[in-house]
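Q:
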């Protein structure tokens, strides 16, 4: 007969365990009450959202309440008790918390209470709501993968139907048209090709059209001197392996320059009429170096010539004809010719650390720094900007970043017409400042309309032809509300809205942006990581994109993972190891966007392969333990 079992229910260890469970239950119950209290206090916000998103908005409120505190100590207690640590509760915060409380109540022999009313009212789970919203915005996914692929259309797509069709065949699910480039005629041809390709391939393809938004850019730069440069092809030892091919033609000839010429050289008058196919042309180039061209072929009124020397040419240089005489001597023949008008070079400004740059309100062409003969500074470099509204918003001491942060500076002085900037960030050799480059003001609170006059004009075309519209450079909730008002005016409420998070202000006001966005029926968020990294710092980008993913999942809003995905592959045909890893991280979003490039088809193929492989390993924050193969 076995001895009687010892009663351990009142042992010190059991008592301590019950006490720990009781304390944990009390802490969780208090937390649940905090969530419910914030939901009640947010009644006005919930009243404004679309009825379809009521549960999503409430869950976002719960998640924000949860993340008001440092959850790590509580997570450690939950893990020690063998309970869910709420580490993956974004899409269903209250139900996850209620389930843990119920388990603890059972463990302590306490009577379980009825679930909160909001849980009883919602019959659809958080992941299901996210899937519904994703399908509404991006369409259903292809059979072989869950994450969609979006591709930014190059201008050539308007006239290259085979390219568009191949994109669909290789895996494109959504096409992005950037309204900051081209015009309605080009967009219309792109959309015509998309529709034709959909019919011929049987593959669906949603269309996103991005509004240009209040993008701050550098203005024009005064053209530089007209200088033409060519150089032969050389190997690693500097030996010429192929000469530069130069097209020489009469200046008054209206024909276009052949595409395969390294340079096109106009000559004044009818001087070329005396040239034959075996002649050489000799001249001093713009640097005073003696140079020559070997004429190899006459084609109609022009000539092909070859050069084995790097050469700089400017208008007005004298050309001399060298010809072999009957006696075998090379001599100059005839009178000298003259190089005609050359196209002006695009203007550039070179900036070094410590230089001053003047940003002007008036759209006058910019110019480089100018010095007198004695070396004294005559005037600092200057450049205009595309939005004069910034002059009322910037202040001394604030940063200014140009061309994706390649050039950085600090504002030293501001008046009604000019902003004085001291350059603090540039390579030792200096940086070239070009026209039409982005300007970021991460420390400034800019009062800009989120929908510009140009956007309003484009919106009519977008409403008629696209499935969704992208709101660029959104900064505040009023920007989203303004777009929604214009869509209502156009009777286009069914058009999906994608807000692009690419400014520091947008990230800092993300919850308010999302609550306003949820007033619309079909919604999405794009993480535009390029400008976001510039404004917030590259070292913070990984942290920021994680937080955006979490908030979007809590609101059941689909995310588009964008900017520089497989960019090296799309542009050069060869990916880097880092960008392949980055593309794999896109599995946590609902869509991954590729930018244009000459090798975009290869990029689509690789991204399709990566996403297929990763979906067996990752779903949002949750690692999937599929069987491993060696």
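In my numbering, the protein residues as written are 220 to 849. Backbone N, C-alpha and C define an ideal beta-carbon position, used for all residues, glycine too. Since this is a predicted model, take the numbers as computed values, not measurements.
Does DSSP put residue 531 in a helix, in a strand, or in coil?
A: Here residue 531 sits in strand by DSSP.
Q: Using the Cβ count rule (16 or more neighbours within 10 Å means buried), how would you classify residue 832?
A: Flag for residue 832 reads exposed.
Q: Does DSSP put residue 469 in a helix, in a strand, or in coil?
A: Correct three-state label for residue 469: strand.
Q: Can you tell me whether DSSP reads residue 750 as helix, strand or coil?
A: Here residue 750 sits in helix by DSSP.
Q: At 3 residues or longer, what runs of the beta strand (DSSP E) sit wholly inside the region 566 to 631?
A: Fully enclosed beta strand (DSSP E) runs of 3 or longer: 568 to 570, 575 to 579, 596 to 598, 600 to 603, 618 to 621.
Q: Apart from the five residues just before and just after residue 845, which ones in its own chain have a Cβ nearer than 7 Å to its Cβ?
A: These residues qualify, in order along the chain: 835, 836.
Q: If you draw a straight line from the alpha carbon of residue 813 to that of residue 391, how long is it in whole angstroms?
A: Near 10 Å, if we compare the C-alpha coordinates of residue 391 and residue 813.
Q: Looking only at its chain, what residues have a beta carbon closer than 7 Å to the beta carbon of residue 782, apart from the 5 residues adjacent to it on each side?
A: For residue 782, where only same-chain residues beyond five positions count, the Cβ hits under 7 Å are 747, 748, 749.
Q: Closer than 8 Å is the cut-off here; do at least three beta carbon pairs connect the region 544 to 560 with the region 426 to 439?
A: No, they do not touch.
Q: Does DSSP put residue 292 in a helix, in a strand, or in coil?
A: Looking at residue 292 - three-state DSSP - the assignment turns out to be helix.
Q: Taking 7 Å as the limit between beta carbons, can you name the residues of its chain near residue 656, skipping five residues before and five after?
A: Closer than 7 Å at the Cβ level, and outside the excluded window around residue 656, lie 436, 437, 621, 622.
Q: Would you check if there are 3 or more beta carbon pairs closer than 8 Å linking the region 275 to 295 to the region 770 to 780?
A: Touching, per the Cβ criterion.
Q: Identify every residue that forms a DSSP beta bridge with residue 511.
A: 501.
Q: State the start and end residues of the unbroken beta strand (DSSP E) segment that holds residue 757.
A: First-last for residue 757: undefined, no H or E at that position.
Q: Just list the residues that DSSP pairs residue 252 with in beta bridges.
A: Its beta-bridge partners do not exist; DSSP assigns none.
Q: Would you call the region 365 to 375 and the region 391 to 403 in contact, with 3 or more CB pairs under 8 Å?
A: The region 365 to 375, when compared against the region 391 to 403, does touch it at the 8 Å Cβ threshold.
Q: Helix, strand or coil for residue 687 per DSSP?
A: Note: residue 687 maps to strand in three-state DSSP.
Q: Whose C-alpha, out of 448, 457, 497, is nearest the C-alpha of residue 506?
A: Of 448, 457, 497, the residue nearest in Cα terms is 448.
Q: Let me know the secondary structure DSSP gives residue 453 once reduced to three states.
A: Looking at residue 453 - three-state DSSP - the assignment turns out to be strand.
Q: Which stretch, first to last residue, makes up the beta strand (DSSP E) that contains residue 485?
A: Unbroken beta strand (DSSP E) run through residue 485: 482 to 486.
Q: Check whether the region 567 to 575 touches the region 530 to 545, taking contact to mean three or more Cβ pairs, one atom from each stretch, closer than 8 Å.
A: The region 567 to 575, when compared against the region 530 to 545, does not touch it at the 8 Å Cβ threshold.
Q: Per the contact definition of three or more C-beta pairs closer than 8 Å, is the region 376 to 385 in contact with the region 401 to 411?
A: Touching, yes.
Q: First and last residue of the beta strand (DSSP E) that includes residue 651?
A: Segment 650 to 652, the beta strand (DSSP E) holding residue 651.
Q: Alpha carbons only, please: which of 797, 534, 808, 743 is nearest the one belonging to residue 356?
A: That would be 743, whose Cα lies nearest to the Cα of residue 356.
Q: Is the CB-CB distance between residue 716 and residue 675 below 9 Å?
A: Taking 9 Å as the Cβ cut-off, residue 716 and residue 675 do not qualify as a contacting pair.
Q: With burial defined as no fewer than 16 other Cβ atoms inside 10 Å of the residue's Cβ, what is the status of residue 745: buried or exposed?
A: Residue 745 should be labelled buried.
Q: From this set, 605, 561, 322, which residue's C-alpha is nearest residue 867's C-alpha?
A: Nothing can be reported for residue 867, as the shown portion of the chain is limited to 220 through 849.
Q: Bridge partners for residue 380 per DSSP, in chain order?
A: Answer by DSSP bridge pairing: none, since residue 380 is not bridged.
Q: Could you give the residue range of the alpha helix (DSSP H) that holds residue 863?
A: Only positions 220 to 849 of the chain appear in the structure, and residue 863 is not among them; the question remains open.
Q: State buried or exposed for residue 857, treating a residue as buried only when at least 16 other CB atoms are found within 10 Å of its CB.
A: One cannot answer for residue 857 here, as it falls past the ends of the chain, which runs 220 to 849.
Q: Any idea what DSSP makes of residue 439, helix, strand or coil?
A: Three-state DSSP puts residue 439 in coil, outside helix and strand.
Q: Could you say which of 764, 826, 754 lies nearest to residue 663 if we only look at CA atoms?
A: With distances taken between Cα atoms, residue 663 lies closest to 754.
Q: Indicate whether the contact test is met: 3 or more Cβ pairs, each with one atom in the region 761 to 768 and one in the region 312 to 332, closer than 8 Å.
A: Taking 8 Å as the limit for Cβ pairs, the verdict is that the region 312 to 332 does not touch the region 761 to 768.
Q: With a threshold of 16 other CB atoms inside 10 Å of the CB of residue 242, please say whether the residue is buried or exposed.
A: That one is exposed.
Q: I need the DSSP call for residue 784, collapsed to helix, strand or coil.
A: Correct three-state label for residue 784: coil.
Q: Within 10 Å of its beta-carbon, does residue 581 have 16 or more other beta-carbons around it, so buried, or fewer, so exposed?
A: It counts as exposed.
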